[in-house]
Structure formats: structure tokens, C-alpha cells
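In what follows, a structure is listed as C-alpha cells, so that the remarks can point back to it.
2 protein chains.
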Amino acid sequence: MYRTSLATKLKLFSRFVRKFSFVCVSENQENLIVDVGKGKEVFPLVWLRDNCRCPSCFHKSSTSRIINWVDFNVSPKATSVQTTSDGNIVLQWNDKHISTFSLDWLKKRSFKEDAQQLYLHDNYRPTKVPWSCETFESIKKTYEYEDLLKSDEVLYNWLFDYARYGIVFINNVPDEKHAAAKLCKRIGVIKSTHYEEEFKIKHIPGTSNVAYLSDALQLHTDLPYYDYVPGVTILHCLIQTDGEGGDNLLVDGLYVAEKLRQENQEAFDLLSSVDVNWQDIGSEHGEKYHTILRCPVIKLDIHGNVDKIRQSGPQRDSHFTVNLKKVKPWYEAMKVFQKSITSESIKLKLRPGEILAIDNVRLIHGRSSYSDSANKKRLIIGIHLDWDDLFSRMRALKRKIDA
Amino acid sequence: MYRTSLATKLKLFSRFVRKFSFVCVSENQENLIVDVGKGKEVFPLVWLRDNCRCPSCFHKSSTSRIINWVDFNVSPKATSVQTTSDGNIVLQWNDKHISTFSLDWLKKRSFKEDAQQLYLHDNYRPTKVPWSCETFESIKKTYEYEDLLKSDEVLYNWLFDYARYGIVFINNVPDEKHAAAKLCKRIGVIKSTHYEEEFKIKHIPGTSNVAYLSDALQLHTDLPYYDYVPGVTILHCLIQTDGEGGDNLLVDGLYVAEKLRQENQEAFDLLSSVDVNWQDIGSEHGEKYHTILRCPVIKLDIHGNVDKIRQSGPQRDSHFTVNLKKVKPWYEAMKVFQKSITSESIKLKLRPGEILAIDNVRLIHGRSSYSDSANKKRLIIGIHLDWDDLFSRMRALKRKIDA
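Structure, rendered in C-alpha cells:
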């Protein structure tokens, strides 16, 4: 073990420390600099102190930082930096505390932008790939139901494709009402809303939801009136009409929104800044509900990326509580958006035994009208989940597969 | 009934139409102007056409717009405006369609700013009232458990106070493990996370969550690693330690954030723009999870208002995937925030039979360390719900009470 006193630069040439070609603390006592032969890696000292792995700073069984932040010093100084033959870097701080980091651990937490982007893509969320009606066939992925139940790797790939494209199919689903639920329970917690956990989409006269009519269902996203709108919609076709209609219409709202941003910035700005009152009112199991959410059609995240799409004519409230001057321009922008989703939509008809999984905060979907016949009453079982759960499952599966 | 041809201005003086002193369509065919004696109300024609209440435009039993938006004209022209003796306004459109609106219906949808603000406060969400450690006693509201179960009005007031202050108390809760759940089921759907629906907060050695230790629990918000972080945290004290400690520490994150915005804009900007990786990793019921969310400590909505607060040292990941230049400034800003939440926190000790309800995306909370004695093992039952459900319940209760 070598010691470098008072945090001066030190090159370490030794057969014991081959892993490092260079380790030092910067002169301003802000950063640890590690050269691993492939260029410099810079780690801020405050971040290192905050992430000390010793048992008094980090609780291993709960994977939790337990440093008392009330006393935490955001300008810690290192009095020495040492390296060990087994690839560790040992920092001694000016309060005598000692922190040890392995080179592997540090490399995984590189502050280089390309490494960070790779980390996010592999570990956080896959990068979304927008698609149009012209490219749909090339991104359409179909999996086998049994494979998803049996193989972690297949399930991981399915989740990854689902997150990337917002749509994915499953074939050979058993003709059982709870077949979709069985798969969903392998992924996460089935989401409870004021509808059933496993909701039946079929023709119900006098319904409290237009989805339960057999009329055409215009392009929409489900349950836009929830702040915590379900992101994952699983649709299992049990019975399809044997007549005309009953087709699903689908369009990638992400593609349409990005196209709008390119082609009509003003319309994009209006649809991403003017709050719409989404609402649902009714009763289920004798309990009345009245859900309202104010949110633009295109919800951006803090970096300006498209986060969620909400669109549902039936559930757009007549209360439009925005500045009067915005009303007409908003309608004009919405009309442009409507034209685009109509022209970019694809049409397909689910067969019994098929599951269609869509990202409900991205894919705008509809259905053509249909008629039930005496022995074929169209029946789709729908289930909602949250993306939180799917991403969590994806990461846990990846760790298991990589192990 | 009077007819005004070609949408010219028309003053209606008649004993049949006393309700209106003035109704017309603006010359540019953009707005309907209604003077009800208390100043002009302006309603855009496109909005009126979009909200036609006739059976071919509006499906009453599902309270849904069913206009086919593919063909919707965002520049509709009115060919006549009529008024009826019973307070209706009848518009005929240039495509011969006829829409009828009652004056009451229109007034409720006024585009005047003060009317809109009142509508939102009464019907959407109550305006939040920030509080400091000095004003806490004046906003502290305590309700009786039995009253909440029996009276819709009391439950409504409790929900309203909860939404406004982010904290509310309940006394005389029965000494039963499911007493909190019984009340919660009257409000909404108990939220499932990877922890139990009714989770026990007690000392568990070798836990996967620091909350299940008996050590001091630093100021934090629960489950920040969920995009759909539970907003509602209900804590029912069944057993309290008879020794020292076990106090709850509570601070209004909204107050602290707004104070920071006033006093240190730079720190506020950093904490509301730099993404933090919140994470949880472990297994529950044999199922592995790995939840990550990238989100700033202070999450703003699109209008710049504080939407959600996330703060949890234990669950802030060592992966800090932000630009290197932001790291040190972020830590400095976080230290300012930490000092403020520490100095603004209040301390109280729950008694058995008490429920503490906190807004988990607003209130930052902690606990002092404690020791169980042989016959007093501290036990708190926790339940999470979503604000979506609470707001929905609040609105439904208001309609019931007002009816």
C-alpha cells in the first residue's frame, strides 16, 4: 500500500498497483482524479464522502446511506489517498474518517457523459423509439405466452421492447379469463382504479363509460383524469366479433408530438402548456367518484422531453378553466394534432388468444364500431399496471440474468 | 322566443326573457356575449360547439362528449342566437345543428379569471397553505375517528384540511390493527407497493428498510423512487414506547421550498432542476425489485409551482448521473435545504389511538431513536393512498352534501 501525503499528485508505478496508472486529489481539493489507462475519471470529493461505504456511513442490508446529514460537511478535505493491490482506493479525510472505494465501483459511477448515457439506457429506462404508420411493421414484436411465463430472459426482452416501442404483442394466450392477470402478476401489482382490476370491455347498454358501448371509440388514452394515470394497458382478446369492425386503431403519440414540435412549434407549445380539465364522474359498487386532473395534452418533463400524452374527447371536461385568449388557439392546435393522429394511426383486429400491450401514456388508441352476433359477443379483458413496477421488474431480471 | 338573424347584436327587452339583459354573437363570429346584469360573460363559439349538450354530441349516462372530432370544425359560425323564457340560450350553427345551453350551466363555466379561480378552489383542489414551525399550532386540526366514519360532512372537512395543510390528526382510533384500513376504505383504494398494504413500522433486525430500525430516522419522504410515489401516508399508532424517543419530526416541505425560492434562488433552481437517482433495491415475498426514479428534490409543475418534494438520504443512489459541474453546487444547495428543514421541523409523540395523516409529497418527516421495552414494543401501522382518490372522494362528498 502506498501513501500520498497531503493530497498532492502522485503517480504510482508499482507491480502491486497495476490497475491504476494515476490517482490523485486535485489541488483545489474538489476532486479525486483516477487515470485507469483509458483517460481520466474525475470524482468529486463531496460525492465520495457522501457515498462512503463503511458500516457507519452505509447500511448494507438495506442498501442505504445512513450518514447523518445534519452534520454533513459539503467541503470535505482528503489528507491522503492510497491505493491497494486489489484495486481499492483509500481516502483519509481531515476528520480522520477513512473511506474505501473499489475501482470497479467507481468506474460504474463514472461522471463521463457517454458512460452516464449508457448507464441510464441499460439500468434506468430504455430509450424510446418513436414509430409512424409506415415503420410500424418493422418495430412490431410478438412473443409467446408460455415463453414469457417460463423464461426470465424472454420476459426481460418483452419488457424492454414494450418500454422502447410502447407496444408489444403476445400470441397463444390460453382461453381463460385470468390468463392476462397470471402474466401481469409475474410483472408487478395489478393497479386498482374505480373500475375492476380485470375490467371487461364489452357492450353494456346504459354504461357509465363510452368504452362499454359498441360504437366507434375515437382515438384516446385511458383514464387521463388521474394524475397517476395507468401507464401500462394489457388487453387480452377472449372473443372477437365475427362481423365487420371491432378493429383496434393505434398511433404513437410520441411520434406525433415530436413531429408537431418540428412542424408547428406554436401548436406544440399550446398543447404542452395549456391545462385541460380531464374528468370522470359516476359511481362503481355504489361509491360515487368525481375525478379531475388539470394537465396539458402533451406533458413535458423538466427537460422538455415528452413525458405523457393525454387525449380523450369523452373525458375532456366542459369546464375549460384557461385564459379566454388561449381557447381558440388551443382548439386550432388540437385540430392539427387530431389530423395527425388520424393520419398516423394503424389498424389491426385482435384475434382470440392474443394480448395487445400498449403504453397508455404514449399510445393513442381507438376502436371501430362493431355488432355482436348471438354467439359471438366481443370480449376483451383489460388490466392496468404502473410503469414503476415494469421498470423495477426489468432491472431485477437483468441482475438475475447477468449474474 | 326571439330570433336574432345573422348573429348581429340584439338587446332583448321582454317579460319572457328577464334573465338576460343582453345576448349576442360578436361581429367576428368568435364569441357569444351574454350580459346577465353583472357584467359581460364571453364564451368562445368553438367551445360552445364542442360542448353541445344534444344527444348526438353528448352521451348523458356516461357524462361524455361523443362529437366525432375527425370532422370537428374549429371555426363554427352561428346563424342565429335565441333565448327562451326558462333561461336557455339556443344557438343555430351554419351546418343547421342546434345547441341549447342553460344560463346556469354557462355561468358555472365562466371564463372570468376570478370565477375560474373560485371554481378551481372549490371543485378541483383546495389551495395549499404553507406552515412553519411557528404557525404549526394554528393549523393543527384534530378529528374524531367515529365522526369520520359516520358523517360525510366531517369526512369532507377532514379531507379539505388534509389537502390544504398536508397534515391532520385523528383521535380515539380503536385499538385494532385494521382500524386505519377501515377508514381508508371509506376514502379510496389502499395503494399496493412492494411493501405490505398495511405495513408495520416496528423494530426488525436485519431489515431491508431503515424505517424498520429503531435508530433515528432522518427527515425524509417515503418511497421517493416511485414516479407514482404515494401522496397519502396514514400512520396509526397502536403501541408507543414508554421510554425516551420515538417522536415524529415533521416539516412542511412546501414552506421550506418557497422560503428557499425567496432567499436563495440559485439553490432553489439547482434543487428543482438537477435530477437525483432515487432508488430502492431488495426483495419482498421472494420477488426481487429494483426501483429507480430520476427526479429533482423539488419537482415543479409546468407553471413553476411546487408539485412534489422528494428527500431521502437512505434512498438517494450513489449513482449521481448529472453533469460533473453540477455536483458540488447541488451538494451546497442540498445543505442549505437540509439546514432549513432541520430548523423548521416540529416534534411530537403519537399516543396509542392516534392517527397522523401526512402528505408524503409535501411533508418531510423523521423519527427520533427509541428503545423497545419488554412489554412496550413500538408499533405503527402505515397505509398509503393516492391523492387522485382523495380528491375524487372530496368532490363526490361535496356534491352529496350540497344536494
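Going down the list, the protein sequences come from chains A and B. When the letters of the first sequence are read in order and numbered with full-length UniProt numbering, they come out as residues 1 to 403. When the letters of the second sequence are read in order and numbered with full-length UniProt numbering, they come out as residues 1 to 403. Glycine included, every Cβ here is placed at the ideal spot set by N, Cα and C.
The continuous stretches of beta strand (DSSP E) do not include B/Pro-130, and DSSP gives it neither H nor E.
Shown here for A/Ala-216: same chain residues with a beta carbon closer than 6 Å to its own, the five before and five after excluded, namely Ser-368, Ser-369 in chain order. Between B/Leu-385 and B/Lys-191, the C-beta spacing is below 9 Å. Counting the other CB atoms within 10 Å of its CB gives B/Glu-113 a total below 16, which places it among the exposed residues. If you ignore the 5 residues before and after A/Phe-136, its C-beta comes within less than 6 Å of the C-beta of Ile-346, all in its own chain and listed in chain order. B/Lys-299 and B/Ala-163 have their C-alpha atoms some 18 Å from each other. A contact between stretches requires three or more CB pairs, one per stretch, nearer than 8 Å, and the region 239-252 of chain A fails this requirement with the region 318-337 of chain A.
Interface with chain A (9 Å Cβ-Cβ cutoff): B/Arg-164 is excluded.
Contact annotation: in the region 320-331 of chain A, residues whose CB is within less than 7 Å of a CB in chain B are Phe-320, Thr-321, Leu-324, Val-327, Lys-328, Tyr-331. Taking 3 residues as the shortest admissible run, the region 53-124 of chain B contains the following complete beta strand (DSSP E) segments, listed from N- to C-terminal end: 78-83, 88-93, 98-102.
Residue state for B/Gly-231 is assigned as coil, using DSSP reduced to three classes. Contact between B/Leu-250 and B/Ile-358 holds, since their C-beta atoms are separated by about 7 Å, short of 8 Å.
Boundaries of the beta strand (DSSP E) harbouring A/Gln-218: 217-220, taken from the DSSP string.
Scanning A/Leu-363, A/Gly-39, A/Val-189, A/Thr-321 for the CA closest to the CA of A/Ser-312 turns up A/Leu-363.
Contact check for B/Glu-198 and B/Ala-181: beta-carbon distance about 6 Å, within the 8 Å limit, so the pair qualifies.
If you draw a 10 Å sphere on the C-beta of B/His-365, you find 16 or more other C-beta atoms in it, and that means buried.
Under the three-pair Cβ rule at 8 Å, the region 94-109 of chain B does not count as touching the region 371-381 of chain A. For A/Ile-292, the enclosing beta strand (DSSP E) stretches over residues 287-295.
Nearest CB-CB separation between A/Phe-136 and chain B: not below the 9 Å threshold. Assignment of B/Ala-403 by DSSP, reduced to helix, strand and coil, places it in the coil class. Of the other Cβ atoms in all chains shown, fewer than 16 fall within 10 Å of the Cβ of A/Lys-177; this residue is therefore exposed. Distance from the Cα of B/Thr-127 is smallest, within the candidate group B/Val-306, B/Lys-259, B/Asp-402, for B/Val-306. Burial is judged here by how many other beta carbons sit within 10 angstroms of a residue's own beta carbon; B/Pro-55 has fewer than 16 and is exposed. Rounded to the nearest angstrom, the Cβ distance from A/Gln-315 to A/Tyr-225 is 6 Å, consistent with a contact under 8 Å.
The continuous beta strand (DSSP E) containing B/Ser-283 extends over residues 276-284. Residues of chain B with a Cβ closer than 7 Å to the Cβ of A/Glu-30 are, in chain order, Lys-328. Here A/Lys-308 is buried, its C-beta having at least 16 other C-beta atoms within 10 Å. The beta carbon of A/Ser-273 falls within 9 Å of a beta carbon belonging to chain B, placing the residue at that interface.
Sixteen is the threshold: since fewer than 16 other Cβ atoms of the shown chains lie within 10 Å of the Cβ of A/Asn-94, the residue is exposed. With a 10 Å radius around the Cβ and a threshold of 16 neighbouring Cβ atoms, B/Ser-343 comes out exposed. With respect to the C-alpha of A/His-285, the residue from B/Phe-72, B/Leu-149, B/Val-189, B/Ser-64 having the closest C-alpha is B/Val-189.
Taking the Cβ atoms as the reference, B/Asn-51 lies roughly 20 Å from B/Arg-395, outside the contact range of under 8 Å.
DSSP places B/Lys-141 in no alpha helix (DSSP H); its state is neither H nor E.
Contact between A/Asp-175 and A/Gly-382 is ruled out by a C-beta separation of about 17 Å, above the 8 Å threshold. Per DSSP, the unbroken beta strand (DSSP E) holding B/Glu-198 starts and ends at 198-201. Short of 7 Å from the beta carbon of B/His-59, and not among the five residues preceding or following it, lie these beta carbons of its own chain, in chain order: Ile-66.
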